[in-house]
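Enquirer:
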Amino acid sequence: MEILREGQGELIGWHDPDEHRRWVRENKSRELKDKTMTVAEAVEKFVHDGDFIACGGFGHIRVPMSLIYEIIRQGKRNLTMAGKTAVHDIDILIGAGCVNRVEVAYAFGHELRGLSPAGRRAVESGKCKVVAEISNAGYQWRFLAGAMGLPFIPSRNLLGTDTFEKSSAKIVRDPWSGKPICLLPAAYPDVAMFHVPRCDKYGNAQIDGILVEDFELARAARRVLVTTEEIVDEEVIRSKPDQTAIPFFLVDAVCEVPYGAHPTQMPYLYFFDEEHIREWLTVSKTEEGTKAYFDRYVFGVKDFEEYLELVGGVRKLSYLKRVEQLRAPMPVQGGGEE
Amino acid sequence: MEILREGQGELIGWHDPDEHRRWVRENKSRELKDKTMTVAEAVEKFVHDGDFIACGGFGHIRVPMSLIYEIIRQGKRNLTMAGKTAVHDIDILIGAGCVNRVEVAYAFGHELRGLSPAGRRAVESGKCKVVAEISNAGYQWRFLAGAMGLPFIPSRNLLGTDTFEKSSAKIVRDPWSGKPICLLPAAYPDVAMFHVPRCDKYGNAQIDGILVEDFELARAARRVLVTTEEIVDEEVIRSKPDQTAIPFFLVDAVCEVPYGAHPTQMPYLYFFDEEHIREWLTVSKTEEGTKAYFDRYVFGVKDFEEYLELVGGVRKLSYLKRVEQLRAPMPVQGGGEE
Amino acid sequence: MAEIASYTPTELLACVAAHVLEDGKSIFVGTGLPMIASMLAQRTHAPNLLIIFEAGGIGPQVPVLPISVGDSRTFHRAVGASSMHDVMSALQNGYVDYGFLGAAAIDPYGNINTTIIGDWERPKVRLPGSGGANDIGSLCWRTIIMMRQDKRRFANKLPFITTPGYLTGPGAREAAGLPEGTGPYRVITQLGVYGFDETTKRLKLISRHPGVTIEEIQANSEFEIIIPAEVPESTPPTPEEQRILREIDPSGMVIKVR
Amino acid sequence: MAEIASYTPTELLACVAAHVLEDGKSIFVGTGLPMIASMLAQRTHAPNLLIIFEAGGIGPQVPVLPISVGDSRTFHRAVGASSMHDVMSALQNGYVDYGFLGAAAIDPYGNINTTIIGDWERPKVRLPGSGGANDIGSLCWRTIIMMRQDKRRFANKLPFITTPGYLTGPGAREAAGLPEGTGPYRVITQLGVYGFDETTKRLKLISRHPGVTIEEIQANSEFEIIIPAEVPESTPPTPEEQRILREIDPSGMVIKVR
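Okay, here's the thing in structure tokens:
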């Protein structure tokens, strides 16, 4: 199997599988123990300057925003982030100066809502560096390889494009068909963060609806932080074990954070807060506006509950619940297309 | 990436992914149409002499027995079967002379219940040929590669053993770590058969509890036959879409067969019929006994309902339900270990 | 020409795109116009169009226009709510007939750039990158591209090929290892509908929108577009289609209210 | 020696195997004795032993002894009911500390045969093959093998290596590409408990069961077993352990009733 071509992007988050196995053996507890802690404790304990981080969910869906705000609050620096259709999270982490390196499948855009002023400004000014390109499926499969404890996984995308040239993938000849095939290197993030509807105190987390790439990401990451709408009794999990997306032995911290995905969407529970997202997209057009945003919503509040009050409290959250459950009309927002 | 070693087992069920894609494009309908039919029709239409077949479930769990009996009834011949912890199904299909080639991860044994007289006799006499060896994870990952439309997938098992030597895998040097790694060729079975608790008439099939390798197998196979405890309204599926393990566009036939896994276990619904399994393991010690078994339970009945009456009818089925639901003690059976 | 005033350019695009889709096929869609075109097709000539979203939604009954391809609307009353791995694997395995893409710029072979303007190391404008576009453009059978056309966007050479079209021409996709028989099928702009020439794999005009001239079409492209002798006009929206579009997007999020 | 009559050989095996397991570790188990030993460990010194089944059951509260590793009892009140792909991936990724295996025959390096007796093409006896054994023996950190010992089963050379032990000796697993730091840890038979010599990776006696002599142990092996100067006796079952065993296997399916 000869190597036909090698992408020139930086290889992010790869480990020799033997080295990763050793890390898992020494650092991941198989014990059913209470892992509940505050968001502040979780970030302090498990997120370090220079880490390679990734969030569960997709775009503006099921994003663990309380952890994102806490990373900003604690002033973490030089983070590399997976741009795996990372949208709101990556935009504000770049805007806050926490993330300065990104491997991009999709970033710097807010889908229908338009491009990200903060993220783009940072990349175009050189403050944030794109270290490699990839696609959504490509990133997903990099995590799958990590979840499987493999050095790489084959795929039939990227071939023939500059996305491949700036990726960390390689092209080889498939020994069976004789055709060129792409090999994607595994990605093992240092920290993966998720927001879920329910989780027990041990970290058995369940997700309703689409999993996006959370199943694979949680299994590939070294540290897994879970925020949950509610901490449920172990009994709830054990009565429906096939709904568990992330079992406890993968999880390092469990934090109860109702509405923890705000302003992003929590399927079945609450809708995007379009008003708040629009506010961010508007104020982040300038450095001053960006700074003022963080002063108000991150540094100006002591925790996520105070933030929720600030963005509209019970009235706003009840409204978002009604919209999500199709009991109130969807708000209008900006045009454009992906 | 140099090839270090090649297994000498026969390559079963592999297709060039481009050839398989073409087959999918031309033969798999994306239309939401009624696919209900009888088991007899499903087998007649979709199982052909010489096919490479595989069953969902595991060992004696969730095995689509009504389809297995029908394959025997219709006298299909020269089938190759995936021995993916295939136990009761493969044993009786070999005993009936339908299957004469097997790629073995686990076969010819009934776990705790002991070895398979019929299967072993056929292999030891040369009537049935083992064409390749593999392991459970290995087979599972061959299906995963098929489900992903890939020619192969890497793995770190098989290495260094005769199981590899008699497999169809290859060993190459991983271009990242420089270490030897196994490449498992994809497996695309001609027919995969499943028994599920609920499915709509279009083929949207849901499974409760462990999926074993059904998710990957259904996506790798060319033809998918589903028998179901009940055909439910589309509404039932759409109200819980994250429980769908096999979406309709993968499925070619839907057959309503209550108790369709008998004498194997249907999780949450009914237990193994140990009495019937023991009968088979006893009578299949001789060719005559084997023949008499099929005369009685397959050729002697007109359909699966008549078979159910013959094995004990309502009383037996109610008992198996009570055992499964832990309302009656488990029957004792033979010793030994896996 | 009195007809022109009776529909907006976006309505026209949505309808033209819907007309391309066949019944009983599967499609990977993004948000915005592609989503609207697919929903329109479902409610008119293609009730059995299977819509799949890259984040895992399969065959939903979409109640209102989703804002994101991962939005809970994309798996509302779906037949499956799965994962990106599952649907991307289905795509790679040949189960997806059509894929809709947007583009910042395109070249004569249908290659697409959505990554940068300027230099990759220090871009003048940083765009979002591939997202699922490279996957869709690589792996679905037929790619449909919807974009704005002008001389800068229909470019001889792209600064970055994010998503493969026919690459350098006939046979190039297969030589690169991309699945056989795939590639861009249609490009739909505010001026017309394009396909690709069988022999050269270069962009070729199929229809021009009502009121658009061949000269306008060529003037809004840096490269030469193949123009057949006979070029029909695109079929304009019917009042019924316009009514359905208002139903699909009542707030005018994409189909701007006139 | 009056003690000998107070427990059966199977009870002894179950207890000896349970003693090997540590609390707070994870284990891949099969049916039969391995399952019983793991449940016994959970109910005695290792309440936090995480049991995983190869068909997808994770951390169940097993109500009665499962008959199969895919049996619904293996995911009864489990924390996860997943898939073979999921748990085999966890195994490959280093999450599984122990794995229990049976064996028809073993060689001095702990390699295992469960495939054939005789010739592969036309075997004298066809055994079930690897099942999950090759995966467990390749990928878990420490393999524990439970088997019957006699001169034919403790063989110099196997007709077929189904599952890797230390292959040809020190460094051979790593050279073959198997995960570093893995391999057989204990072999438990009706006569004693064995480990592997650090330097040679050959079978070495750790303890002999009560009443068993060194001579018996060596006489029941074709190859030479490394015998240290001091060999303690295995700890016999306590009445409490015997009581729990009867609770776990009330019908005597595996722990035959005396």
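Line by line, the protein sequences are chains P, X, G and C.
So for the first sequence, my numbering puts the first residue at 1003; every next one is plus one.
So for the second sequence, my numbering puts the first residue at 1003; every next one is plus one.
So for the third sequence, my numbering puts the first residue at 34; every next one is plus one.
So for the fourth sequence, my numbering puts the first residue at 34; every next one is plus one.
Beta carbons are placed, not taken as given, at the ideal position from N, Cα and C, and that holds for glycine.
Within the same chain, show all residues whose beta-carbon is closer than 8 Å to that of T1284 (chain X), passing over the 5 residues directly before and after it, in chain order.
Expert: G1291
Enquirer: In terms of alpha-carbon separation, which member of X:K1172, X:D1176, X:P1187, X:E1218 lies closest to A1194 (chain X)?
Expert: X:E1218
Enquirer: According to DSSP, which residues form a beta bridge with K1172 (chain P)?
Expert: P:E1008, P:L1185
Enquirer: Which residues of chain C have a Cβ atom closer than 9 Å to the Cβ of G1211 (chain P), listed in chain order?
Expert: Going along chain C, no residue has its Cβ under 9 Å from G1211 (chain P), so there is no contact; the nearest lies around 18 Å.
Enquirer: For a contact defined as C-beta to C-beta under 7 Å, what are the partners of M1083 (chain X) on chain C?
Expert: Per Cβ cutoff of 7 Å: no residues; M1083 (chain X) is ~13 Å from chain C at best.
Enquirer: Since F1048 (chain P) contacts D1254 (chain P) with CB under 8 Å, what's their CB separation in whole angstroms?
Expert: With a beta-carbon spacing of about 6 Å, F1048 (chain P) and D1254 (chain P) fall inside the 8 Å limit used to define contacts.
Enquirer: Note down the Cα distance separating S1137 (chain P) from N1029 (chain X), rounded to an integer number of angstroms.
Expert: 29 Å
Enquirer: Counting only beta-carbon separations shorter than 7 Å, does A1207 (chain X) have a partner in chain G?
Expert: no
Enquirer: Apply the 10 Å Cβ neighbour rule to G1099 (chain X) and answer buried if 16 or more other Cβ atoms are within range, or exposed otherwise.
Expert: buried
Enquirer: For chain C, is any of its Cβ atoms less than 7 Å away from the one on E1033 (chain P)?
Expert: yes
Enquirer: If I measure Cβ to Cβ from P1249 (chain P) and keep anything under 7 Å in the same chain, skipping five residues before and after, which residues do I get?
Expert: N1206
Enquirer: Ignore the nearest five residues each way along the sequence and tell me which others in G57 (chain C)'s own chain have a CB closer than 6 Å to its CB.
Expert: N81
Enquirer: What are the residues of the stretch 1029-1055 of chain P that lie near chain C, defined by any Cβ-Cβ distance shorter than 9 Å?
Expert: K1030, S1031, R1032, E1033, L1034, K1035
Enquirer: Reducing DSSP to helix, strand and coil, say where I1212 (chain X) ends up.
Expert: coil
Enquirer: Give me whichever residues DSSP pairs with Y1309 (chain P) in a beta bridge.
Expert: For Y1309 (chain P), which the question treats as bridged, DSSP gives no partner whatsoever.
Enquirer: Considering only C-alpha positions, which residue in the set G:T64, G:T107, G:R279, G:A136 is nearest to E1113 (chain P)?
Expert: G:T64
Enquirer: Taking Cβ positions, are I1063 (chain X) and Q1245 (chain X) nearer each other than 7 Å?
Expert: Not a contact, by the Cβ cut-off of 7 Å.
Enquirer: Taking the alpha carbon of A1247 (chain X) as the point to measure from, which residue in G:L66, G:V102, G:I91 has its own alpha carbon closest?
Expert: G:I91
Enquirer: Among residues of its own chain, excluding the 5 on either side of P305 (chain C), which ones have a beta-carbon nearer than 7 Å to its beta-carbon?
Expert: Look at the range of chain C in this structure, 34 to 291, and you will see that residue 305 (chain C) is not part of it.
Enquirer: Closer than 7 Å, Cβ to any Cβ of chain G: which residues of the stretch 1232-1254 of chain X, in chain order?
Expert: I1239, R1240, P1243, D1244, T1246, P1249, F1250, F1251
Enquirer: Among G:L236, G:I85, G:A111, whose alpha-carbon lies nearest the alpha-carbon of F187 (chain G)?
Expert: G:L236
Enquirer: Closest to G132 (chain G) by CA distance: which of G:G113, G:G244, G:F61 is it?
Expert: G:F61
Enquirer: Taking all protein chains shown into account, do 16 or more other C-beta atoms lie within 10 angstroms of the C-beta of G1128 (chain P), making it buried, or fewer, making it exposed?
Expert: exposed
Enquirer: So, helix, strand or coil for M179 (chain G), using DSSP?
Expert: strand
Enquirer: Counting pairs of beta carbons, one from the stretch 133-140 of chain C and one from the stretch 1155-1171 of chain P, are three or more of them closer than 8 Å?
Expert: In this structure the stretch 133-140 of chain C does not lie against the stretch 1155-1171 of chain P, because fewer than three pairs of beta carbons, one per stretch, are closer than 8 Å.
Enquirer: Could you work out which residues of chain P lie near L1219 (chain X), taking near to mean beta carbons separated by less than 9 Å?
Expert: Chain P residues near L1219 (chain X): none, gap ~17 Å exceeds 9 Å.
Enquirer: Can you name the residues of chain P whose CB is closer than 8 Å to the CB of S1179 (chain X)?
Expert: D1018, P1019, D1020, P1153
Enquirer: Do the stretch 1170-1185 of chain P and the stretch 1144-1154 of chain X make contact, defined as three or more Cβ pairs closer than 8 Å?
Expert: yes
Enquirer: Within its chain, find whatever has a CB closer than 6 Å to the CB of P1199 (chain X); leave out the 5 residues flanking it on each side and keep chain order.
Expert: D1210, E1231, listed in sequence order.
Enquirer: On the premise that P161 (chain C) lies in contact with T147 (chain C), defined as a C-beta separation below 8 Å, what is that separation, rounded to the nearest angstrom?
Expert: 6 Å
Enquirer: Under the assumption that D140 (chain G) contacts C173 (chain G) (Cβ atoms under 8 Å), give the Cβ distance between them as a whole number of angstroms.
Expert: Contact flag wrong, Cβ pair sits at about 20 Å.
Enquirer: Do P203 (chain C) and S171 (chain C) have their C-beta atoms within less than 7 Å of each other?
Expert: No.
Enquirer: If we call anything under 7 Å between Cβ atoms a contact, is H179 (chain C) one with I221 (chain C)?
Expert: According to the sequence as given, residue 179 (chain C) is Met; it is not His. Yes.
Enquirer: Is the beta carbon of L278 (chain G) sitting closer than 7 Å to the one on A47 (chain G)?
Expert: yes
Enquirer: Do P1066 (chain P) and T1165 (chain P) come within 7 Å of each other at the CB atom, strictly closer than that value?
Expert: no
Enquirer: For the stretch 191-203 of chain C, list every residue whose C-beta sits within 7 Å of some C-beta in chain X, in sequence order.
Expert: F193, I194, T195, T196, P197, L200
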